[in-house]
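Heads up, the sequence shown is in the numbering used here, so the first residue is 1 and it goes up one at a time. Where is the CB? At the ideal position from N, CA and C, for every residue including glycine. Worksheet: one structure, shown below.
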Amino acid sequence: MTDDTSPTGRLIVAARAAAANAWAPYSRFSVGAALLMRDGSLVTGANVENASYGLSLCAETVAVASAAAAGRIREVVAVGIVGGMTGKDAIEPVLPCGRCRQVLNEAAQAGGRDLTVYCSGLTGGPIVEHRLSDLLPHAFGPASLGIL
1 MTDDTSPTGR LIVAARAAAA NAWAPYSRFS VGAALLMRDG SLVTGANVEN ASYGLSLCAE
61 TVAVASAAAA GRIREVVAVG IVGGMTGKDA IEPVLPCGRC RQVLNEAAQA GGRDLTVYCS
121 GLTGGPIVEH RLSDLLPHAF GPASLGIL
């Protein structure tokens, strides 16, 4: 069990709180994400579904967009992600989808660091730790374009 005051615990608690605000009327699969910033603050996001499914937004994308809108995309150092079926016992760790791995990679490359990704279930369960570079090997990003 992770201490809720540790950086990992704070990320997962904040991601669960964000997931409570998910707009998931179609899939009923709520996801929350929390970004740990360099200064220890957190930026959160929840998934936002749309009747035109392709317009839906993942929680990680919402969180990264919020950080970018605040001028803080280069400050992301870690991310916590939780998800599962609303109203069910959801304890299996949820990992970011491919699109979100790419979006997180943009923040990672902008900040010049690899990100630690902590994943857990919506209602509890184990917390698994990954390096973003392991989840998205040979990533394409700003460095591939010679920008960073």
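Cα-Cα separation between residue i and residue j, rounded to whole angstroms
i	j	result
I147	R74	14 Å
G83	A19	7 Å
S41	V64	14 Å
H130	S52	32 Å
D3	G9	5 Å
L132	V117	6 Å
P142	D114	14 Å
P25	H138	35 Å
C97	L57	11 Å
R28	L55	16 Å
G71	K88	37 Å
V43	A110	17 Å
C-beta contact flag for residue i and residue j at 8 Å
i	j	result
A59	A33	yes
V79	L104	yes
S120	I12	yes
A22	N47	yes
V77	R16	no
G125	I91	yes
R101	L135	yes
A67	A108	no
S6	T86	no
P93	V128	yes
Buried or exposed (CB count within 10 angstroms, at least 16 for buried), residue i
i	result
L36	buried
A14	buried
G45	buried
L122	buried
Chain D contact for residue i (CB, 8 Å cutoff)
i	result
P93	Protein chain content of the structure displayed is limited to a single chain, and chain D is not contained in it.
Can you list the beta strand (DSSP E) stretches of 3 or more residues lying completely in the region 3-67, in chain order?
-> With a minimum length of 3 residues, the continuous beta strand (DSSP E) runs that stay inside the region 3-67 are 29-37 and 42-46.
Which full runs of the beta strand (DSSP E) of 3+ residues lie inside the region 82-132, going along the chain?
-> Runs of beta strand (DSSP E) with 3 or more residues, each lying fully within the region 82-132, are found at 116-121 and 128-131, listed in chain order.
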